[in-house]
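Chemist: Here it is, the structure, as structure tokens.
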Amino acid sequence: MAGLNFVVFIPARYASVRLPGKPLCLIAGKTMIRRVYEQLTQQSTDDSPPLLPSLIDPQPVWVLTDDERIADEVTAWGGKVLMTQTKHQSGTERCAEGLQLLTQQGISPDIVVNIQGDEPLVQPEQVNALVSLLRNPDISIATLIKPISRYDELHNPNRPKVVIDPNGKARYFSRQAIPYLSNAAADQWLTRHTYYKHIGMYAYRTDLLPLLAQCPTTALERAESLEQLRWLEHGYAIYTQITHYESPAVDTPEDLAYINEWWRKYR
Numbered sequence: 008m009a010g011l012n013f014v015v016f017i018p019a020r021y022a023s024v025r026l027p028g029k030p031l032c033l034i035a036g037k038t039m040i041r042r043v044y045e046q047l048t049q050q051s052t053d054d055s056p057p058l059l060p061s062l063i064d065p066q067p068v069w070v071l072t073d074d075e076r077i078a079d080e081v082t083a084w085g086g087k088v089l090m091t092q093t094k095h096q097s098g099t100e101r102c103a104e105g106l107q108l109l110t111q112q113g114i115s116p117d118i119v120v121n122i123q124g125d126e127p128l129v130q131p132e133q134v135n136a137l138v139s140l141l142r143n144p145d146i147s148i149a150t151l152i153k154p155i156s157r158y159d160e161l162h163n164p165n166r167p168k169v170v171i172d173p174n175g176k177a178r179y180f181s182r183q184a185i186p187y188l189s190n191a192a193a194d195q196w197l198t199r200h201t202y203y204k205h206i207g208m209y210a211y212r213t214d215l216l217p218l219l220a221q222c223p224t225t226a227l228e229r230a231e232s233l234e235q236l237r238w239l240e241h242g243y244a245i246y247t248q249i250t251h252y253e254s255p256a257v258d259t260p261e262d263l264a265y266i267n268e269w270w271r272k273y274r
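Dropping the structure here:
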């Protein structure tokens, strides 16, 4: 990956309506934020290779938080953390400040990868795929998608879907199943068309990231509650890469129970 310096940011905030203190919830004896961090910095995940080398740092991973409890937890086991402001409304805004803080320390990456702090099954290979996609100088924003194989996912509004063009460029994101198949019953859609769900991980070029963080909200974003629609409405292209890794986010106590059960069975 010569010529590409990248960093990985893990935005993590304490407040969560459905699962308060989410980053500090325990998964098989370790906090969730530690699980995410270790997934990315250690080769301990199935057959997934480690992170590609970055010229910035052998382990270019930082947690971004505005909460001292999270910061203390990260530093306790030797992780790297950057303290950010409390005003941010999204992980993108927090990543933009993290980039500014690193720049002030003399660290100037070309690419920022945004991995949410509630992705305890994230794989290093997913980060590698995002970084590799930005080797194309015409691509400034990259994200991951995964083929949908179950109807409960296809019709679940909590699993955003995406339509792409033949080059992998995202055309639209929606909580609805898109496209609508007018010539088939709903229980036949997966046999007639390839549907993709969106995996909420991103890579951005650092010259674009501050602009994305400053974009005002848009009508489609407000309608779907999907931040990436804001970027599309402002004319920024988002390119996708297919991943076959499952990366369920932890948003509720039920999600946390599922991840703990999964860890007991398979790890």
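Going by the numbering used here, the sequence shown opens with residue 8, and the numbers climb by one from there. Ideal Cβ positions, reconstructed from N, Cα and C, are used throughout, including at glycine.
Under three-state DSSP, which class holds T91?
Modeler: Three-state result, T91: coil.
Chemist: Just mark F180 as buried or exposed, buried being the case when its beta carbon has 16 or more other beta carbons within 10 Å.
Modeler: The residue is buried, with at least 16 neighbouring Cβ atoms inside 10 Å.
Chemist: Using C-beta distances below 8 Å, list every residue in its chain close to A264, excluding the 5 sequence neighbours before and after it, in chain order.
Modeler: Same-chain partners within the cutoff: there are none.
Chemist: In chain order, which alpha helix (DSSP H) runs of at least 4 residues are fully inside the stretch 91-159?
Modeler: Those alpha helix (DSSP H) runs which fall completely within the stretch 91-159 and span 4+ residues are 98-111, 131-140.
Chemist: Please determine, among G36, Y246, H205, the residue with the shortest C-alpha to C-alpha distance to Y252.
Modeler: Closest option to Y252, Cα to Cα, is H205.
Chemist: Identify which residue in T93, Q92, K94, C102 has its Cα closest to the Cα of I68.
Modeler: For the record, residue 68 in the displayed sequence is Val; it is not Ile. Selected option, being the one with the closest Cα: C102.
Chemist: Below 8 Å on the Cβ atoms is my guess for Y246 versus L140; work out the distance and round it to an integer in Å.
Modeler: The pair is a contact, with the Cβ atoms about 6 Å apart (cut-off 8 Å).
Chemist: Look up V24 in the DSSP assignment and give the residues it is bridged to.
Modeler: Paired residue(s): none; V24 is not in a bridge.
Chemist: CA-CA distance, V257 and D214?
Modeler: Their Cα atoms are separated by approximately 31 Å.
Chemist: Examine chain C for any beta-carbon lying closer than 8 Å to the beta-carbon of R142, and answer yes or no.
Modeler: Among the chains of the structure shown, chain C does not appear; only one protein chain is present.
Chemist: Could you tell me the distance, in whole angstroms, from the CA atom of G242 to the CA atom of L219?
Modeler: One C-alpha to the other measures close to 11 Å.
Chemist: Under three-state DSSP, which class holds Q248?
Modeler: The answer is strand: DSSP assigns Q248 an E or B state.
Chemist: Taking the runs of the beta strand (DSSP E) that are 3 residues or longer, which of them lie wholly in the stretch 173-211?
Modeler: Whole beta strand (DSSP E) segments, 3+ residues: 177-181.
Chemist: Return the Cβ separation of V211 and I148 in integer angstroms, given the expectation that the two are a contact with Cβ distance under 8 Å.
Modeler: Just to set this straight, residue 211 is Tyr in the shown sequence, not Val. With 8 Å as the limit, Y211 and I148 qualify as a contact, their Cβ atoms being about 6 Å apart.
Chemist: Expressed to the nearest angstrom, what Euclidean distance is found between the alpha-carbon atoms of M8 and P60?
Modeler: Residue confidence for M8 is low, a pLDDT of 41 falling below 50, so the modelled location carries little weight; the figure read from the coordinates is stated next. One C-alpha to the other measures close to 7 Å.
Chemist: Just to confirm the assignment, what range does the alpha helix (DSSP H) spanning W238 have?
Modeler: First-last of the alpha helix (DSSP H) with W238: 235-240.
Chemist: For D172, which residues of its own chain have a beta-carbon under 7 Å away from its beta-carbon, when the five flanking residues on both sides are left out?
Modeler: Same-chain partners within the cutoff: R178.
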